[in-house]
Structures are given as structure tokens and as C-alpha cells.
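Here's the structure we're looking at; comments come further down.
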Amino acid sequence: MKYEIPVGPIHPALKEPIMIKCTIEGERIVDVDVFCSQNHRGIEWIGMNRNNPVQSIYTAEKICGICNFCHPSCLVMAVEEIVGFEVPERAQYIRVIQGELERIHSHLLWAGVAAHELGFDSLLHYVWMVREKVMDILELVNGQRVPKDVLMYGGVRRDIKEEHIPKIREMLKYYAEGFDKIAKLFLQDKTIKMRTREIGILTKEDAMKLATAGPTTRASGVKKDVRQDMPYYAYPDFEVKAITPDMLTGETLGDTYDRIVVRLLEVKQSMEIIEQALDEMPGGEILAEPKVMKVINQIKKSEGEAIARHEAPRGEAIHYVKLKEGFEYLYAWKVRAPTYINILSWRPMLMDMQIADIPIVAASIDPCMSCTNRVTIVEDNRERVLTAEHLHRLSVQKTRRLMK
Amino acid sequence: MLPMLGQLLKQMFTKPFTNLFPAKYAPKNVGKYLQDVQAGKATLISPVPVADPETFRGKIVYDREKCTGCKMCIKVCPSKAIEFKEEEKKIRIYIGRCIFCSQCNDACPVDALHMSEEFLLADTNKVADYLVVE
Amino acid sequence: MTGDLLIMTVFGSIGIAIFGLFFGLVYKGIDRKIVAHMQKRVGPPIRQPFLDVIKLMNKETVLPENAVGWMYSMAPLVCLASSIILLLYIPMGGLDQVFENGALLGGHGDIILVLYLLIIPSLAMVAGGFASGSPFATVGAQREMVTMMSYEFPLAVVIIAIVWKLSTAGGDVFSLSLIAGNPIWNSVGLLGLIGAFILLLALVIVTPGEVAKIPFDVAEAETEIAHGLLAEYSGRNLALFYLADGVKTFAMASLVIVLFFPYNISPVLEQYVALGDFTILVDFLFFLLKVFLVLLFSVTLVRAGMARLRITQVVSVYWITVTLIALFGLVLLMWDNQFDVGWF
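Protein chains in written order, with this note's numbering: chain A, 1 to 404; chain B, 1001 to 1134; chain C, 2001 to 2344.
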């Protein structure tokens, strides 16, 4: 007997509004359908109609609470490319450090959530306790635990002070010592292995076909990382290599276990990058143009379009920005969050699995709905579903409108 | 095979990691509890100290005398938390809307705005006296 | 005579019910507090389960639109009642000096009855789950049935092994008071000792399944099926299930104690001090300590230190691993009788 169980829009496994409709036969999943856009916030609209570009940096930070560096980073990179700000080298290094701090805290947060989805709350509490260290450093450097508010067109707003550096090094030492323990708790636990090995497999072919991004794709053995393929900021100096699970376990299965491995290794990689960045950070200015009003005016006078890519903790974030001379706001702003592209991989992962695997497989791509929800169509108080052809037609129309 | 069991037995006899702010068990009414603390009827377990007072971004402090009414802060405020008072040529900041980005601090040409260390700013009334800075 | 028994049964049952509810909740509170400390948290105060029950009692009890009304409302009552009835048959330290056969109805039922009574709360939950008319509750009910079928077999093996060992002594071997009177450790050689340890291990693994705790709480898996069986329950009905869970946990721990640790501390203490009227109290406190230790190792530590298993893994763990362990223990006990290895 087949019947449907809805996971979401409100469900204890997924703390954010999204719906996975699973058709099940007993415990086995035979069909999966995903319904996005349960919640629309209109952030792009605000950037194009209400807020000037400087204000939009902070609006972009609010796209996602956890990865609140990647979105403004993309926006800033795109605008800098159009306007032609020369970013001082020290600022580039600070941006790299901030980005990697964000990756550490995001991956540790994810590790805790994954443990919770498996019903392993002790591990959740342990990992989040360890995570407090990087949160303390973020507060020390940025003034608040979560929002960084550090980016500005042409540089960064806050320097990393000399007296903060020993504390950051202390944190790196703390994690270097604690890393083996976390890896042991996660990777050698029999029950975790039982629940994640060969569960939610995404083959390399499927990962390529669905164009997945970030750790999700790397866990399937695709060596794809923006920091490696198209280095931005000061990343060319660090020679980042995409992490695949075979570096630790010697094989790539593309299952949930591999995604845990990849994220743990990336935490280690981020620590190495921060260490090197602190050693090699040059002195000098941190902002090309300290006067905010001048920045706003300069952007207002510019015209052009650009695409910026940033390797966020969840994958590759892409922003498209278009500026028009004399136009006060961003003329066009399109955000593509990493989760948006990764969500599609739920279907191949969940097929033929059990109900019990839905939470951990869904969490294994580290979904972030708040970044993703982009379109909701409500007409006459009725929602309707857009077909692929209809959506394509609308996209073509919009592109034409922008080209004018 | 189950590495967590040993870890748990070890942790069982250590002190909890939690910072017990404001009291060991959450009081029924935090506002009343804080009043009791001020009246000396209860003791407060202090929060984690602010890491660096210089960089910390808490409630905005507004120096009314210095302000020239240039409206620069209003232009850069992402959350439209600042209101201009036409007749006095001064500003009013609604902390209930503020996102603590400190952009107005950077933009202010006369250095009239600063971030303080105060962070206990949760209230059911978002225009309560202490949440409106003039 | 019959009249006396009736009065004693009625008032005794009420007393045992209050006693069971109280200690069920106390142990729930202790369990939560210890788990919190293991996770380096402070955790709720020990009286928190009482507050939870009071809160739930005050809340609205919702009857879902497509639920089977009478079954939905009866299930929590049956569940709680059968959990309390369990306590009437299981001998408890200290109380065995108050009642004739170890427990209030000690002389009227044996361990087979207790085995069946242990199933009824789960059955009531299954009925309630199916009657809720929610897909999550249905999945939960199916899982609960499968779990029930899987842990019954190793549990039966453990009990049969112990009873078989006793049968050499003769008498009504299924009687709980006889089992409690003749601890298994007293009558075994070296092989039997190892066998008994293995049986204890099997019973410790069965306990979290019996009381639906991680890693075997598949029927209520919070992150998977939103508390499954209990998804639709609210208010008073949920409070009854909550109480039943506490009572059943307490009863299950008492059963483990009867089977493996039925010792009293008073004979040891008597050698040093005269206890007099305090014997009952001392034995009872010792019993509570034993319950605490059993719950600490078979529920609290296990639920904090493991991830939840999938339903198929629960079945394979119980049917293959634990059953094999229990059968091995049984075989060792039999060998113990056949070849007397002795104590070297």
C-alpha cells in the first residue's frame, strides 16, 4: 500500500519552511517531490527599489544568518568589478580570514545538527560546545557573535587588531588539538556509521548532472571549489585544493558519511588557511575609500554588469548585479544561493531509502531555506505552480527587460 | 566502537559548560527578576564578559550636542531605524529596528554616534523608553 | 477472607498507583538531570516532570477530526492502567516484608503474566497511534509493533534461561517471589557465572527497547516522524502517556532487579547495627538505589551515548545479535549444570 507523508513545511527535522513529499511503501521511499518557496522575503526587491547599494550590503547579510559573509561578499565583489575599486591587499587577507572563520563555525554547526537528526543529542551538545570558541573569536574581531557587518565596497570596515592575533592563534591551537577527538567521535562511532554509511548516495554522474555545489559535490568525488578553480580575494596565495573524502578514508562513495568526512576535513583546511593568512598578512590600508557618501556617489555614476562567485560553506554562491548610471539602487540583483542548486539532489539521494533516513539525508546537504526561497506566486489568493516552459518564458522576458 | 560513552562518563563529573545567565533556572519573569536584582532581593549570575569593549556592538549611544543634523546616518541605515526630527534638526533612533551594523557610526562626520556594551535589549514593547534613543 | 483481599487489593492498588506515578516521575527527572550533566548542561530541576504533567493537565485536549474517537481516548487510559498493574505483581525490596508474596498480588500471578502485561502498554500505544488518523502516527504504530515483536524473543530467552536454572531446585518456578528468593548468582559455577553475565547484558540491551528510549525509540523518533505515535496527542491524554512511560520504566527496572539483583541490604547491616523497625525502610531505600543504577546503565547512559537506529537495524540487532547473545548465555548455563568446571 502506498501513501504519502509530508515532511514539512513545519517539521522537527527541518527547522525551516520547505516541504518534501515522500510516497512510501511501508518504510521504503518510492517517490520524492520537493516544494520550495514556502516563505518569500523579497530581499532582491528591496535591493532594487528601496535600499542604496551600501544599505544593500547589510540586507544581503540578512539573506542567511549562518553564512552571513558569503552573500555580501558576492555583492561587494560584483559591484567592485563594475565600479573598479582597488581593494588594498590587507583587506583581501582580512576577507579571507573572515570567510574561513565563517566556514569553521558553519561546518561545526552543521555537524551538531546532523548529530541531532540522528537522535544523538550528546554529540550535538559536544560539538556546539567546541564551536563556542570560534564564536568567541568572531565576537572579539567583529563585535558580535553572528553578524559580521565587516564588508564595504573597496575593503573592509574593521581591521584585525594586533592584540587579537594571539587569541586567534590560541583558537587555532584549540581546534588543532580537539580535531582528532571530534573526528573520532563522529567517524568511529558504530551507530553513526550504521546510520550514514551507504545512505543517501549521490553518484559522481548525478552530482555532475545536477550541478551540485560545495561539500555535497565534493563528497561525490567532483573536485570543484571556487577557491581552487577561480581564486578571488587573496586565495591565489593559498593554493586551496578541493577536498574529497578519499583523502581520509581512501574511497569515495558519495554517501552521507562521506559528506561528514568532507566537512570535517574542510574545518582543518580552513584552520590552515587562517594560520597562513595571519603569518603573511601585509600591513597598510584596509579601505580604498573611507568616506561612505563618496562610495555611494561613485556607484551611482557607474554602469555595467558583473557576476561574482564565492565559495560559501554550503557551496558556491553567485550574485549577478547590474548598475545603471544615475540609478540610485542596484538596477538588477540576482542571488543564487548554494542550497538552491543542492536541493535537487534530494531526489536521487532519498530514492529507495527509508523514512528514518529523510532527516539526515536532507540535512546532509546543509540546506538553508532562508537563502533559497526566491519566488512565490500568489494570484487571487491562490498559489499556482509554474511549469518549466512558463518559467523559461518569464526568464527570457526578464533578460530582455534588463538588456534594454 | 562507541567513543561517546567514555566521553560522557568523563563529562558527568565536570562542571556544566553553560553560562547560567541570569540565574540557574530560568525565572518566570525575567523583567521582574532583574528588578528584584536591583532591589537586592535576588543575585544575578553575570553574563560572559564582553570580549573587546572597543569592537563590541551594543546599544547605540547618541551625543545630542555634537549632532549637526546632516542626515548622513539616515542615508546609510539599512533598517531605516533612524528618524529625523525636522523642528530640532536632531535624530531619533529606534533600537527595536536597529541591526547593530554600526554603519551610522562610520558615516557620522562629527563622531556623535557610538556603540556601547549594553546588550540586554529584548522587550515586548519595541518603543519602550530605553529602546528609543534621542 | 475474600472480603479482606478485596479491600486490601483496592486500597493497596491505589497506594501502589500513587507510589508508582511518584517514583516514575522522580526517576524521569533524575534521568534528565544526569543526561544534562553528561552533556555538560545544567538541565531542568528534578521536579520538572511533575511540572510538565501539571502543565499538560491544564492544556486543551484535542481530538483530531479523522481520529477514531473512543479508541483514541481509551488508549492512554489503558496504557497507564496496565503499567500500574505491572507494579502489583513485581516484588520490590522492602515491600516484600509488607506483602505476603513479595508484591500486593504476588501470589496471584507469575512471570509469564508480567511478560504479557509488559506488552499491553505498547499495544495501547499502537491502538492509539492507528486511531489518530495521522500518517506520522500510523508509521509510528507500525514501527512500535515491529519493535515489540523484535525485543520479545530475546527477553523470553533470558527469562526462560533463569527459570530453567531454578527448575532444578523445584517448586513453582515461574513465581516471581521464588525467583527473587533464589538469586541466580548463588547457584552457578564459573561457566554459569559467565552465562548469567551474558544474560544480564542481553536484558540490559532489551530494556531501552522495552521502554522506548534511544537507540530503540524508532516509534517515537522526534526528528523523523515528529514523535510518531504521540504526534496527535495533546493535553490530558499526552500527560497520561507521559505518566505511563515513567511507571513502565520503573516497573521494567524493578523486573531487572528481581531477575538479577534481588538482594536486600538489611541482612548485611544487621550484623553491625540492630535495624528493628527500620528494616523495611532501609531495604526500600536500597531498592530505590538499585533501580537508579539499573536505569543509569541501561537507559540513561545508553540513550545519551548512541544515535537512533533505523527500524530494520532494530530488528536485526534484537533478532540476531541480542538473541544470539542470550542463547549463548542459556547454553553456558546448561553447560554449567553438565560439566562442573568449578572455581579452579
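Glycine residues also receive a C-beta, built at the ideal position from the N, C-alpha and C atoms.
Sixteen is the threshold: since fewer than 16 other Cβ atoms of the shown chains lie within 10 Å of the Cβ of A:Gly283, the residue is exposed.
Here A:Ile260 is buried, its C-beta having at least 16 other C-beta atoms within 10 Å.
For C:Ala2141, no Cβ of chain A is located within less than 9 Å of the residue's own Cβ. For the C-beta of B:Lys1024, the chain C residues within less than 8 Å are, from N- to C-terminus, Val2042. Between C:Lys2040 and B:Thr1014, the C-beta gap is smaller than 9 Å, which places the two residues in contact. Nearest to C:Leu2288 by C-alpha distance, out of C:Phe2328, C:Met2074, C:Gly2020, is C:Gly2020. Taking 8 Å as the cut-off between beta carbons, the residues of the region 1093 to 1107 of chain B near chain A are Ile1099, Phe1100, Cys1101, Ser1102, Gln1103, Asp1106, Ala1107, in sequence order. Taking 7 Å as the Cβ-Cβ cut-off, the region 1046 to 1066 of chain B approaches chain A at Ala1051, Asp1052, Thr1055, Phe1056, Arg1057, given in chain order. Between C:Leu2191 and C:Trp2335, the C-beta spacing is below 9 Å.
The three-state secondary structure of A:Arg131, taken from DSSP, is helix. For A:Met48, the closest of A:Ile358, A:Ile365, A:Leu330, A:Val34 by C-alpha to C-alpha distance is A:Leu330.
Distances from the CA of C:Val2247 to each of C:Tyr2072, C:Ser2083, C:Val2042 were compared; the closest alpha carbon is that of C:Ser2083. Counting along the chain, the unbroken beta strand (DSSP E) around A:Ile307 starts and ends at 304 to 312. For a cut-off of 8 Å, the C-beta gap from C:Ser2254 to C:Met2092 is around 6 Å, short enough to register as a contact. By the C-beta density criterion, A:Asp279 is exposed, having fewer than 16 other C-beta atoms within 10 angstroms. The C-alpha of C:Val2258 is placed about 56 Å away from the C-alpha of A:Asn39.
Take B:Val1127, set aside five residues on each side of it, and the residues of its chain with a beta-carbon closer than 8 Å to its own are Tyr1094, Gly1096, in chain order. Membership of B:Met1115 in the beta strand (DSSP E) is indicated by the continuous run 1113 to 1115.
Take the alpha-carbon of A:Ala115 and the one of A:Leu172: they are about 24 Å apart.
Along the region 2024 to 2039 of chain C, going in chain order, the ones with a CB nearer than 8 Å to a CB of chain B are Ile2034, Ala2036, His2037, Met2038, Gln2039. Proximity of B:Leu1008 to chain A, defined by a Cβ-Cβ separation below 9 Å, is satisfied. Taking a cut-off of 8 Å on C-beta distances, the region 98 to 105 of chain A touches the region 125 to 141 of chain A, as three or more cross pairs fall below it. C:Arg2236: member of the alpha helix (DSSP H) spanning 2235 to 2260, first to last residue. When the five nearest sequence neighbours on each side are left out, the beta carbons in the same chain lying within less than 8 Å of the beta carbon of A:Gly315 are those of Thr212, Ala213, Gly214, Pro215, Thr216, Thr217, Pro338, Thr339, Ile341, Asn342, in order along the chain. For a Cβ distance threshold of 7 Å, residue set Glu2222, Thr2223, Ala2226 of chain C lies close to A:Pro12, ordered along the chain. For A:Thr23, the three-state secondary structure derived from DSSP is strand. In terms of CA proximity to A:Glu117, A:Ala363 leads the group A:Ala363, A:Lys398, A:Val396. Under the 8 Å Cβ criterion, the region 2293 to 2309 of chain C does not count as touching the region 2174 to 2184 of chain C, having fewer than three qualifying pairs.
Residue nearest to C:Ile2205 within the set C:Tyr2151, C:Val2188, C:Ile2162 is C:Tyr2151 (criterion: CA-CA distance). Annotation: A:Gln269 has no Cβ neighbours in chain B at a cutoff of 7 Å; minimum Cβ distance is about 23 Å. Taking 8 Å as the cut-off between beta carbons, none of the residues of the region 2043 to 2070 of chain C comes near chain A.
As a beta-bridge residue in DSSP terms, A:Gln354 pairs with A:Arg28. DSSP places A:Ala317 in the uninterrupted beta strand (DSSP E) bounded by 315 to 323. Counting only runs of 4+ residues, the alpha helix (DSSP H) found wholly inside the region 210 to 267 of chain A occupies 214 to 218, 226 to 229, 246 to 249, in chain order. Assignment of B:Ala1122 by DSSP, reduced to helix, strand and coil, places it in the coil class. Straight-line measurement puts the Cα of B:Pro1003 at about 11 Å from the Cα of B:Lys1010.
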